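Reviewing the structure listed below.
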Amino acid sequence: MSKVKIKGNSSGTGVLTIEAPNTSTDRTITLPDATGTLLNSDGDGSSLTGVGGGITEIDTWRLHTSLSGDARPLTANLERDDTTLQSFLGTGMTESGGEFTFPSTGHWQITGSFYILYNGDSSYNTAGIEVSTDDGSSWTGHTAEGVCFTVTGGSQVTAWVQYIMDVTDIGNTKVRFSLQSAESASIQIYASSNSNRTAFQFLKLGDT
Amino acid sequence: MVYTLEDYLVRLHRGQWFGWTDSKNKVYANLVIHSEDAKPTEQECTDGVASLQAEYDSQEYARNRATEYPSIGDQLDMIFHAGLGGDEFQSAIQAVKDAHPKGGN
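Residue numbers (this note's numbering), protein chains in the order written: chain A, 204 to 411; chain B, 35 to 139.
What follows is the structure, given as structure tokens:
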């Protein structure tokens, strides 16, 4: 039979009390069969290992109005996904003029997809994610690209792009989306307010 | 296919020149202009949508034909076997057939 031993600390003077709740039901608390320190109710869990933090932010935006030609970058007509049962978790992104601001620092996964209709041939079409680290004063080129090559008229394709970034300064870090086409006159970026045809997803994977 | 006001406006200018005050209700009263392009009148929009629809509807026979025609390959085969391809066509096809006879290794 194993035993339970309560051991005092000769260096301290405080009195630790194990207190019963106000209940009439018998309970059993099983101690872990391992060496370590138990987490109390106001602990932050930082000393624990092997415990994932989980995704704390999920936000999806979409283009609600179609346009002819490419977009370098998108600057308008964006809305948060409000389709039935869509996921939203946390605080969410803030958008203005096509520029997205993060609600908190962390490692963020950003995904963009453009639904493109072709009324003529187009040799290449590149979806991109652009980043600013100075509050939108200047922008990178495409930090990530997804390309559709040699598309013929009458086709419908999706250009997809993804980027995972470490956001450490939410005051100055912004992202925006663009689609560049070799034959801009041949394409239409297809959008809807009822489904995510051209859409952008933001997931916070963890703390920075 | 039924054309909408947005279908017409998309074709009018390139870029994000217009949007809606209510994206769930894309009617003329909710149309907003983002660019310096002139806002089309409601009548222009009505006529534009009607024109798109008429053009689409007038091509229904062509869309129906396109789905029912034999493949281009089959059509060319028919021309060859009917001997109607002209000398150059017939001889070019026959040369390939002779080089790779059916049942050959």
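C-beta atoms are modelled at their ideal positions from N, C-alpha and C, and glycine is treated no differently.
None of the values given here were measured: they were computed from a predicted structure.
In this structure T263/A is in contact with D284/A, their Cβ atoms being roughly 4 Å apart against a cut-off of 8 Å. At a cut-off of 8 Å between beta carbons, Q93/B makes no contact with chain A. Here F114/B has I127 as same chain residues with Cβ atoms under 6 Å from its own Cβ, once five neighbours each way along the sequence are excluded. The three-state reading of DSSP puts T101/B in helix, counting H, G and I together.
For the C-beta of G53/B, the chain A residues within less than 7 Å are, from N- to C-terminus, T268, A279, N280. Judged by their CB atoms, G323/A and S389/A are nearer to each other than the 8 Å cut-off. DSSP places I113/B in the uninterrupted alpha helix (DSSP H) bounded by 106-115. Rounded to whole angstroms, Y37/B and A72/B show a C-alpha spacing of 22 Å. Taking each of D338/A, T346/A, Y318/A in turn and checking the Cα distance to G272/A, the smallest one comes out for Y318/A. Distance from the Cα of V44/B is smallest, within the candidate group N59/B, I67/B, T55/B, for I67/B. Between D132/B and D121/B, the alpha-carbon positions lie close to 16 Å from each other. Residue G300/A holds the alpha-carbon nearest to the alpha-carbon of S69/B among G300/A, S326/A, Q404/A. Nearest CB-CB separation between S227/A and chain B: not below the 8 Å threshold. In this structure G211/A is exposed. Its beta-carbon is surrounded by fewer than 16 other beta-carbon atoms within 10 angstroms. Bounds of the beta strand (DSSP E) holding K407/A are 402-409. Counting only Cβ-Cβ distances below 8 Å, S57/B has contacts in chain A at H267, T268, N280, E282, S396, in chain order. The beta carbon of G82/B sits closer than 6 Å to the beta carbons of Y42 from its chain, once the five residues preceding and following it are set aside; these are given in chain order. In terms of CA proximity to T343/A, K377/A leads the group K377/A, D372/A, F352/A, T353/A. With a cutoff of 8 Å on beta-carbon distance, S326/A and T353/A are scored as near each other.
Short of 8 Å from the beta carbon of I373/A, and not among the five residues preceding or following it, lie these beta carbons of its own chain, in chain order: T304, F305, P306, S307, T308. As summarised for the segment 354-403 of chain A, the continuous beta strand (DSSP E) elements at least 3 residues long and confined to that stretch are 359-370, 377-384, 390-393, given in chain order. Taking CB atoms only, S325/A has no neighbour in chain B less than 8 Å away. Spanning the alpha carbons of L39/B and G137/B requires a straight line of approximately 60 Å. Within chain B, the C-beta atoms nearer than 7 Å to that of G272/A come from R48, G49, in chain order. The segment 273-281 of chain A makes contact with the segment 380-389 of chain A: 3 or more CB pairs, one atom from each, lie closer than 8 Å.
Per the DSSP secondary-structure output, Y327/A pairs in a beta bridge with F352/A.
Counting only runs of at least 3 residues, the segment 223-311 of chain A fully encloses the following beta strand (DSSP E) elements, listed from N- to C-terminal order: 260-266, 281-283, 297-299, 302-304.
Within chain A, no residue has its CB atom less than 8 Å from the CB of V83/B, the nearest being about 14 Å off.
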